[in-house]
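A.B. asks:
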Amino acid sequence: MPLYKMLKKFLKRCDLNTSNQVLFSTGKTTVRLCKYSGRRILPEKNLSRIPINAFFCEFFLIVLLLSAQLYVLLSFAAQKPVLMNTPFQASFSLLTPAVLFAGGYGLSTTDTDEIPGLNDFILRKAKSFDVKQFPDSFDKQPLTNPLGLDHLYFLYIIGWLWRLFGVHEFLLVYLYFFMRLCCGLFIYGLCRLGTSRIFSFLTSLLIVTSPAYMDLDISPRDFGKAPFILAFIVVGLWLVLRSHSSWRFLLLSLFTGTLLGIGYGVRPDVLICLPMALLVIGVLAKIRARKRPLWHLAGTILLLASFFFLTRPIFQASALEGNHRLSVHLICIGMLQSIENNLLPADQPYTLMPEGVGGEAPSYSIIKTLAQRNGDSEPLINAYSSEYERFSGKRNTFVFIDPYLFYHGTGYSHYGRVFLFRLIEYFPADFILRAWRATAVLFQLNNIYAASMPNADAFPGSVLSALIKLQRCLTDHTAHFGMAYFITALIGLASVNLPAALIISLFFLWFAGYPSLQYEFRHAFYLSFIPLLALGFCAENVLKISRAVFLNKTVHTSPLSARIALRRAFLFVLLLLVSYALPLTILRAYQHSKVTALAEEIKKSPRSPVEVNISFRDNRVVLSPQKPLQGLAASEGLLPGEVNWTYASLVFDSYGQNIPVTLHYKTDRFFNNFTHSQVLEGCRDTKTGHIEFCFPIYETDNTYSMDMLPVFLQTYPVLREFVHDDTSLAEQNWWRRGKFEGISFPEEYFPFFRGFTEIEAGDSVPILPFLTIPQEMQCLRTHKSGPWEQALSRWKNNTAPEQPALHFDTVWHIKDTFPTAKSWQLPKTPLLPSDSVNMLCNQWAELIHFYPFLKSVAVEDMLNYAGMLKEKGQDWLAEESCKIAQKWADADPYPFMRLGELQEQNNEAEQAITSYYKALLVYPYLPDTAERMDRLVLSLKDHKACADLWKKISAARPDDLFAGMRLGLHYESASLYSEALLAFENVLQYHPDNPDVRLSLVRCFVTLGEPRKALPILKSVLDIQPDYKVLVQQHAAMMAELLSSRGALSEAALFFELAAS
3 MPLYKMLKKF LKRCDLNTSN QVLFSTGKTT VRLCKYSGRR ILPEKNLSRI PINAFFCEFF
63 LIVLLLSAQL YVLLSFAAQK PVLMNTPFQA SFSLLTPAVL FAGGYGLSTT DTDEIPGLND
123 FILRKAKSFD VKQFPDSFDK QPLTNPLGLD HLYFLYIIGW LWRLFGVHEF LLVYLYFFMR
183 LCCGLFIYGL CRLGTSRIFS FLTSLLIVTS PAYMDLDISP RDFGKAPFIL AFIVVGLWLV
243 LRSHSSWRFL LLSLFTGTLL GIGYGVRPDV LICLPMALLV IGVLAKIRAR KRPLWHLAGT
303 ILLLASFFFL TRPIFQASAL EGNHRLSVHL ICIGMLQSIE NNLLPADQPY TLMPEGVGGE
363 APSYSIIKTL AQRNGDSEPL INAYSSEYER FSGKRNTFVF IDPYLFYHGT GYSHYGRVFL
423 FRLIEYFPAD FILRAWRATA VLFQLNNIYA ASMPNADAFP GSVLSALIKL QRCLTDHTAH
483 FGMAYFITAL IGLASVNLPA ALIISLFFLW FAGYPSLQYE FRHAFYLSFI PLLALGFCAE
543 NVLKISRAVF LNKTVHTSPL SARIALRRAF LFVLLLLVSY ALPLTILRAY QHSKVTALAE
603 EIKKSPRSPV EVNISFRDNR VVLSPQKPLQ GLAASEGLLP GEVNWTYASL VFDSYGQNIP
663 VTLHYKTDRF FNNFTHSQVL EGCRDTKTGH IEFCFPIYET DNTYSMDMLP VFLQTYPVLR
723 EFVHDDTSLA EQNWWRRGKF EGISFPEEYF PFFRGFTEIE AGDSVPILPF LTIPQEMQCL
783 RTHKSGPWEQ ALSRWKNNTA PEQPALHFDT VWHIKDTFPT AKSWQLPKTP LLPSDSVNML
843 CNQWAELIHF YPFLKSVAVE DMLNYAGMLK EKGQDWLAEE SCKIAQKWAD ADPYPFMRLG
903 ELQEQNNEAE QAITSYYKAL LVYPYLPDTA ERMDRLVLSL KDHKACADLW KKISAARPDD
963 LFAGMRLGLH YESASLYSEA LLAFENVLQY HPDNPDVRLS LVRCFVTLGE PRKALPILKS
1023 VLDIQPDYKV LVQQHAAMMA ELLSSRGALS EAALFFELAA S
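Per our numbering, residue 3 is the first one in the sequence shown, and the count goes up by one each step.
1. Which same chain residues end up closer than 7 Å to G463 when comparing Cβ atoms and leaving out the 5 residues on each side of it in sequence?
2. Can you list, in chain order, the residues of its chain with a C-beta nearer than 8 Å to that of F527? Leave out the 5 residues immediately preceding and following it.
3. Which residue comes first and which comes last in the alpha helix (DSSP H) that contains Q318?
4. With a 10 Å radius around its C-beta and 16 neighbouring C-beta atoms as the bar for buried, classify G764 as buried or exposed.
5. Under 8 Å, do M864 and S883 count as touching if we go by C-beta distance?
6. Could you pull out every unbroken alpha helix (DSSP H) segment of at least 4 residues lying fully inside the region 98-181, listed in chain order?
7. Who are the Cβ neighbours of L936 in its own chain at under 6 Å, not counting the five residues just before and after it?
8. With 16 other CB atoms within 10 Å as the buried threshold, where does E1053 fall?
9. How many Å lie between L808 and I886 at the Cα?
10. What's the C-alpha gap between G1011 and L963?
11. List the DSSP bridge partners of P748.
12. With respect to the beta strand (DSSP E) encompassing S679, which residues constitute its N-terminal and C-terminal limits?
13. With burial defined as no fewer than 16 other Cβ atoms inside 10 Å of the residue's Cβ, what is the status of G815: buried or exposed?
14. Please list, in chain order, all residues of the same chain as P430 whose beta carbon is under 8 Å from its beta carbon, the five residues on each side excluded.
15. Roughly how far, in whole angstroms, is the beta-carbon of G418 from the beta-carbon of V330, given that I think they are within contact range, below 8 Å?
16. Tell me the rounded alpha-carbon separation between D378 and H410.
17. Quick one: is F317 buried, meaning 16 or more other Cβ sit within 10 Å of its Cβ, or exposed?
18. From which residue to which residue does the alpha helix (DSSP H) around G757 run?
19. So, with DSSP's three-state summary, where would you put T353?
20. Excluding the five sequence neighbours on either side, which residues of its own chain have a C-beta within less than 8 Å of the C-beta of L577, listed in chain order?
21. In terms of residue numbering, what span does the alpha helix (DSSP H) encompassing Y867 cover?
22. Leaving out five residues on either side along the sequence, give the residues of the same chain with a beta carbon under 8 Å from the beta carbon of T490.
23. Drop a sphere of 10 angstroms on the beta-carbon of Q81, count the other beta-carbons inside from all chains shown, and report buried for 16 or more, exposed for fewer.
24. With DSSP run on the structure shown, which of helix, strand or coil describes C275?
25. Quick one, are the C-beta atoms of P776 and I693 less than 8 Å apart?
26. Answer yes or no: do F156 and V268 have a C-beta to C-beta separation smaller than 8 Å?
27. Roughly how many whole angstroms lie between the Cα atoms of S1047 and N988?
28. Taking C-beta to C-beta, are L652 and I506 nearer than 8 Å?
29. For the alpha helix (DSSP H) that N59 lies in, which residues bound it at each end?
30. Would DSSP call K288 helix, strand or coil?
31. Of all the beta strand (DSSP E) runs that stay within the bounds of the region 592-653, which reach a length of 3 or more residues?
32. Alpha carbon to alpha carbon, what distance is there between F510 and W162?
33. Within 10 angstroms of the Cβ of Y487, are there 16 or more other Cβ atoms? Answer buried if so, exposed if not.
34. Out of R959, F986, P960 and D961, state which residue places its alpha-carbon closest to the alpha-carbon of L971.
35. State yes or no: is the C-beta of Y657 within less than 8 Å of the C-beta of G633?
36. Using a 10 Å radius around the Cβ and a threshold of 16 neighbouring Cβ atoms, would you call A426 buried or exposed?
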């Protein structure tokens, strides 16, 4: 059966148009599956016939809700010393036209320094400004600045407030509170689309007093979009979930266009509502009229006409800058690691933006580099920016806002658009992934803002104290279960009204996903209502069903209706999963081919090696170029606004290890410090895991005029905390061109390092990513991944069969240890695995030629390789590997020790003795090795031969206790007591307090017939080591018996007396 017929049959069985089917009935109560015909989720009500008492009830709840919200806002505000405590001075620098409007001069700008008190007010040094301080005549100009016109209606709103009530900063707080009350009203309206009055009231109250809505540090400019977007969501869902008359539909279309037009002039983010508005009014809205397409068309025309009528001056000003400054700014800064990490884990396979303060400098560097690569050397100056006007001598403009606006001209918009198209061409799946992650992070927003709430202790015994405690518990609960509530609510709704569930899902995905373009929490806070709204919806419906089931005894169910509900729920879940997996899968397959092709082109690009200086600092290897890179050589002669750039690479043999790398720029260049850290994912192939980390280097300078520096510090005084310099501005470094210094990584990965090269990236490389390219392309990761994917990947790695460990310590029988202070810890795989011993030797010889301090690492790797060969039974090759390791073993006994073991195993006794002897010469205290050597010597010769070897070892290490004692004991065993006495006396010189040496001397003196010398030495042992009492008594008794057998009875009596005591 064709697929479309099967789907048609399935949908028919779901019976989406089934009317009044009984889900279950309980005597008085019947729960039905209502026919979907554009009606509300709950039973339709004729709004024109709502009783007057219902209207007053609704009105009373709204007033009560807003009063409670205002009370909480004022109480929280009273606890904060500073409201709207934001570092973004731009929010206030834009207010100059509003002040002039309040004075009756229209939206215009002037030189704030010429008006007494105006500059202090704009820079937040004064709380108010008296418009009477405007002189009768002063230089001003109408507002033409594109950035100011982007906030046209925001300035009008504030201007009218100040004109009516006086120019005072606190009126911004009143506006701030008013916008929050509007949000509370719209949230209540949103709740009323799906829940009863009382549940809407309770849910809205919890939402408007939640941490995200109570944060008082969000600036009015950032908060300004929230009421407009929430208002549109309410109107849009009302249009879709209710049926409307044609004239009401037209009025709502006109209202929507007006709402979005004014909202766009308050905060340009509101533009995100326009595509959804066109979909709703042009297609989805329910109209009770004939010829619906014509009404949809008329509504769309009204929407667009009202919107573009209100936004025409804004778009005209934006055209002066090329129309794409805002979109370029939004998306480029959204790719900063510090911002992207709000959505995705930090360890991603690649990134496209270096880190930088604010993100403006990295964005400009990338776009200017793209222009230069395209042969366009023209400056990207924005002649319509206030910064350019000030630089040109026009003072009647905005207070300084952002130095990079000076360069955001039409060229910036053009090449920014080119860059964005290339991002979409090469990395489309990452945009989808970030959007999906934004829908998940949304449920954590209240938890993120919880730290901004006051402590409950600030309101002892108050209702607010209980509210804060409740909100903290609720925030923690919804952070864990908010997504479950939301999905449950959607599935439950889908079982009753599938189209409504799909439309609500579409709204959710659109508005929750769009902040992913630049996911800062201040851009998404207003969406924190979703988990609480889902919780309220679930709670009310569970309560209704519970009452229907448990308060009535007779329950009648309809199996057919239940099956239909289950089919609808199943279809909804299926569509939701498909909408997630299908676009991501298709785009990842496409992205894989594009990124692979890009990596291949980068691999083909010509390279030139870079000579580096190597140093060690804070347990890291620091590589710095000995001379400037070719692409950065002309840095000193460049003008401000020009970018010095090059593309380079670091080469490693990773052996499956992840290597953290940091690119360093001069840290005193505060503006243009692009210091960037990234973890290079190792390649687990069958070879060395060869990888190449390719990265761009940008050296940027945006200081177009020295006159801007004092104004900049005055506008952003918070930066003075980072500028600890009392010298003149001209001599300071924080504003200078960025300077690349080098690369660092942990020193344990230094043996993996293979080189530093500079890449000639031609036209075949259209974009310059921070990308790790493996030699084996199957290891190339071509897309980013979210935390759930990474957790699954880690689980797979943990449950996968473990690779055989290649530390072959277990194949060796000698377990002696050598206490070295190693600089590096070898991984579980050989550093330089090879097909032959000679190949391995040649690789290490080449490395050691340049880096002699790697000898100890080479020795360990050669022995590791020898262990692998021994395990395979290739002992002769293992011996060869150990012999090679001996050449680099300046103070390491292991190569000789391992070679001796192999030779002993192969019955090469003489060679084994020599190898053991060389190991003991390096480090005598190897008990197992010493025992093996002595055993081999005694099997061939005698104790005298052993003593001869130990005499050489002791002579090489006269201070070594183990070697000296071993020599003396062998002389004793050979009955050479005079030689033994000399050996023990030599040891005593270096170890005078060792009791074992003194006991050995006692034996030698008594045996040589000098018991009078032995007795005081034996007694002194107890003074040095009281625990040796038993050993002293045993020695005294043995010496007494020896002297008695020789007839020296008086001396024997002295020893007997000591033994008895």
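Beta carbons are placed, not taken as given, at the ideal position from N, Cα and C, and that holds for glycine.
C.D. replies: Here's the rundown:
1. none
2. Closer than 8 Å at Cβ, skipping near neighbours: A214, Y215, D217, I220, A228, L447 and Y451.
3. R294 to L322
4. exposed
5. yes
6. 98-104, 120-124, 148-151 and 154-167
7. Checking the sequence shown, residue 936 turns out to be Asp, not Leu. Result list for D936: C948, in chain order.
8. buried
9. In this prediction, L808 has a pLDDT of 40, which is less than 50 and means its spatial position is unreliable; what the coordinates show is noted afterwards. Rounded to whole angstroms, L808 to I886 spans 19 Å at the Cα level.
10. 26 Å
11. R622
12. Start and end: H678 to L682.
13. Checking the displayed sequence, the identity of residue 815 turns out to be His instead of Gly. Burial call: exposed.
14. L589, Y592 and Q593
15. 3 Å
16. In this structure, the straight-line span from the alpha carbon of D378 to that of H410 is close to 15 Å.
17. exposed
18. Segment F755 to I761 is the beta strand (DSSP E) holding G757; no alpha helix (DSSP H) there.
19. Strand at T353.
20. L504
21. K857 to E873
22. A536 and C540
23. It counts as exposed.
24. Helix at C275.
25. yes
26. Cβ atoms of F156 and V268: closer than 8 Å.
27. Each residue's Cα considered, the two are about 30 Å apart.
28. no
29. The amino acid at residue 59 is misidentified as Asn; the sequence shows Cys. Run containing C59: I54 to A80, per the alpha helix (DSSP H) assignment.
30. strand
31. 609-611, 614-619 and 622-627
32. 35 Å
33. buried
34. F986
35. no
36. Looking at the sequence shown, residue 426 is not Ala but Ile. Answer is exposed; the Cβ neighbour count stays below 16.
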